[in-house]
Each structure stands twice: as structure tokens, then as C-alpha cells.
Amino acid sequence: MDYCRSVLAVAGANFRRLKRDARVWFIFVFTALLIHYYLRPVINYGIDTGTKAPIYIMELLFCSATISVKAPKILFYIGMLCLLCDAPFFYPLKPYIIMRSKRTAWCVGECIYIVGMALLYAAFILIVSSLMILPIGTMRDSFSGALTDMVLGTGKMPLGEIANIYPSAQFSSEMIRYLYPSGAMMYTFVSVWVSFSILGLFMYWVSLIRRNVVCGMAIAGALVFLDPILVWAAWPNNYWILAFSPVSWTSVEQLNILAANHFISIPFVIAADALLAIFLFILIFQTAKRISLNGFLTEEA
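Be aware that the sequence shown starts at 56, since it is given in the numbering used here, and climbs by one per residue.
As C-alpha cells, this is what we get:
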């Protein structure tokens with residue numbers, strides 16, 4: 056019980072710091088504005104034409120694109136990195152918390168904090184996107200309506216005219232044609248949560264090794280911006296390349312259930328995520344055992 060209390064105390068200390076951190080509040084507000092910006096064309100089209108869209112809409116925000124600005128998921132990943140940009144979380148009481156809780160509990164507590172922040176941010180995107188779409192939202196588990204009109208051209212307005220009047224991000228026609236919104240959203244939410252966690256753990260590990268918050272942020276950011284490049288390089292027959300980009304695993308349209316020539320499958324994502332998470336936790340644990348408290352005191356100074 057003492058060990059569990061120590062772990063929760065370490066995680067809780069990190070969460071309590073967020074209340075006074077304007078950076079965190081700015082990121083959440085900016086994320087909400089981004090969600091509104093990318094969903095606004097769908098909402099406007101639905102209001103103008105009287106068509107509906109499902110409230111299970113998160114998966115549309117994580118579609119892949121070869122241009123970063125057309126892939127809102129890249130901006131969400133940058134938001135996640137900014138939430139954890141102070142990893143490994145230097146603050147005045149840090150050395151004393153480590154001495155009081157012992158290194159193992161400190162290590163586990165900080166990993167729990169990272170996973171918890173990833174869950175919080177993924178849940179925020181899910182909830183805000185569902186609330187944003189409410190003016191034209193429906194509980195019906197089907198994409199038919201505003202989205203099929205805008206992507207598949209099933210409405211009275213030609214696709215070219217829709218693209219000019221309601222310019223939007225790139226949405227996957229295969230996903231809208233073949234999948235149920237609720238299932239696609241559930242996969243997206245879980246995979247995004249795990250992907251955010253893995254990216255955060257990786258950034259934490261790099262920063263812990265270098266004792267420099269900039270190194271982890273820079274390397275993790277490079278991995279995020281590598282995704283549009285790999286998406287471009289994967290077409291038309293090199294989709295196996297996307298196996299090296301955990302950011303791509305969150306995009307439903309990259310799964311082989313929608314295209315036979317795609318490499319990524321749900322079992323692959325589950326296995327790869329589990330192995331990466333375990334491997335990173337081991338690396339963090341081994342690094343944390345060797346780190347000197349003087350490193351934290353130096354950073355505070």
C-alpha cells in the first residue's frame with residue numbers, strides 16, 4: 056500500500072502543477088479552436104442543406120495526408136508534445152520527492168502521469184469534436200448525410216462546388232463508405248491514446264538521458280513530422296513503410312480491412328503498441344536508476 060501511495064503521490068504532484076500552468080490551458084483552448092476550424096465546413100454544409108452527421112466524428116480528425124496542414128492529427132500530436140514539453144518535469148521539490156518515494160515509485164508515477172495526460176488529451180479531442188458537431192449531429196451509426204455528400208458526392212450539389220464553398224480537410228472515402236462511425240471512433244480513440252502515451256514516454260526517456268527537455272521534444276517532433284512524408288512515399292504499393300510510423304497507426308484508412316494492399320492491421324497495431332510501451336518502460340526504468348539527483352538540482356538552478 057505504501058508503494059501504491061508513493062506512486063500516486065508522484066503522479067498527483069505532476070497533475071497538481073497543471074492548475075497553475077497557463078501553457079496547458081492555452082493548448083486545450085487552441086485544440087478546441089482547431090477542432091472547430093476543421094469541422095466547420097461539415098457543420099456549415101449540414102446546416103445549409105439540412106443534412107445530418109454522426110456525433111462519432113473523432114476518426115475524421117485523424118485521417119492521413121501528405122501535407123501537414125491538411126492533417127489535423129499532426130497538430131494534435133504537436134499539442135501533446137507541448138503538454139509534455141517540460142519532461143522530465145523539473146521543479147523545486149523533485150529531488151525530495153524522489154528521495155521520499157524511492158526511484159521505482161518515482162519512475163512508475165511519472166509514467167502513469169504521462170499515460171494519464173495522453174488519456175486526458177485524447178478524451179478532450181473526442182468530447183469536443185462530438186460537441187462541435189451537435190448542431191447537425193445524430194446518434195445514428197451511419198456516415199450517410201452531410202459526410203457522404205461532401206466526400207462521395209451523393210447530394211444534389213456537385214463535388215467541385217462543395218469543395219469550393221466548403222473546403223475541408225482530407226477525409227477517407229473508403230472509411231466513410233465501408234465502416235460504422237462508432238467502431239471507427241472507438242479504434243481511433245484507443246489507438247490515439249496509446250500512440251500519445253508512447254510518444255510521451257519516448258520523449259521523456261530521451262530527455263531523461265540528456266537531462267535536457269529540448270532534445271526529447273526535438274526528436275519526438277521529428278517523428279511526428281515524418282508521418283506525412285511516409286504517407287507520400289507509401290503510395291501506391293509501399294504501404295509497409297507506414298509500419299515505422301506509430302502516428303500512421305491511428306488513421307483508420309491505413310488499415311488493411313479497407314484495402315488489401317495496405318500492410319497495417321489491428322493485430323499488428325495491438326502487438327506493436329504493447330511491445331513499444333513495455334520496451335520504453337524498461338528503458339525509462341533502467342535510465343532512472345542511474346540518474347543523479349544533481350541533474351535535477353542543476354536544471355532548477
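Heads up, the beta-carbon is just placed ideally off N, CA and C, and yes, glycines get one too.
Reference residue i, options the options, closest by Cα
| i | options | result |
| --- | --- | --- |
| Val65 | Phe81, Asp103, Cys162 | Cys162 |
| Ile182 | Thr159, Asp141, Met240 | Met240 |
| Trp260 | Thr106, Ser199, Ala343, Ala288 | Ala343 |
| Ala218 | Pro96, Gly171, Phe251, Trp290 | Pro96 |
| Asp282 | Met205, Ala126, Ile264, Ser227 | Ala126 |
| Phe318 | Leu331, Ile333, Ala329, Phe299 | Phe299 |
| Phe70 | Cys118, Phe198, Ile167, Ser262 | Ile167 |
| Arg232 | Gly208, Met212, Val247, Ile274 | Gly208 |
| Ile112 | Phe336, Ser227, Met272 | Ser227 |
| Ala68 | Gly215, Ile90, Ile169 | Ile169 |
| Ala191 | Thr86, Ala326, Phe336, Leu94 | The sequence given here has Ile at residue 191, not Ala. Comparing Cα positions, the closest option is Leu94. |
| His91 | Leu189, Cys118, Ser119 | Leu189 |
| Phe117 | Ala326, Leu338, Ile337, Ala177 | Ala177 |
| Phe131 | Gly215, Gly105, Gly210, Ala87 | Ala87 |
Nonlocal neighbours in the same chain, by C-beta distance under 6 angstroms from residue i, ignoring five residues either side
| i | result |
| --- | --- |
| Ser185 | Ile110 |
| Ser250 | Pro301, Thr305 |
| Leu331 | Ile253 |
Assigned secondary structure, residue i (DSSP; H/G/I helix, E/B strand, else coil)
| i | result |
| --- | --- |
| Leu310 | strand |
| Thr106 | coil |
| Thr193 | strand |
| Ile319 | strand |
| Phe198 | coil |
| Trp80 | helix |
| Val183 | helix |
| Pro127 | helix |
| Leu331 | helix |
| Gly238 | helix |
| Leu139 | coil |
| Arg266 | coil |
| Ile188 | coil |
| Val302 | coil |
| Ser228 | helix |
| Thr342 | helix |
Spatial neighbours of residue i in its chain, beta-carbon cut-off 8 angstroms, leaving aside the 5 residues before and after
| i | result |
| --- | --- |
| Thr193 | Lys107, Ala108, Pro109, Ile110, Gly200 |
Proximal residues to residue i (C-beta, below 7 angstroms), its chain only, five neighbours per side dropped
| i | result |
| --- | --- |
| Ala160 | Tyr58, Ser61, Val62, Val65 |
| Tyr221 | Pro96, Asn99, Tyr100, Met205 |
| Phe198 | Pro109, Ile231, Pro236 |
| Glu229 | Glu308, Leu313, Ala314 |
| Trp295 | Phe318 |
| Ile264 | Thr342 |
| Ile339 | Cys162, Cys166, Leu256, Tyr259, Trp260, Leu263 |
Report task. Say whether the region 130-141 touches the region 79-86, bearing in mind that this needs 3 or more beta-carbon pairs closer than 8 angstroms, one atom from each stretch. Result -> yes
Report task. Could you tell me whether the region 300-307 touches the region 240-252, where touching means 3 or more Cβ pairs closer than 8 angstroms? Result -> yes
Report task. Decide yes or no for the touch test of the region 162-179 against the region 253-270: beta carbon pairs closer than 8 angstroms, at least 3 of them. Result -> yes
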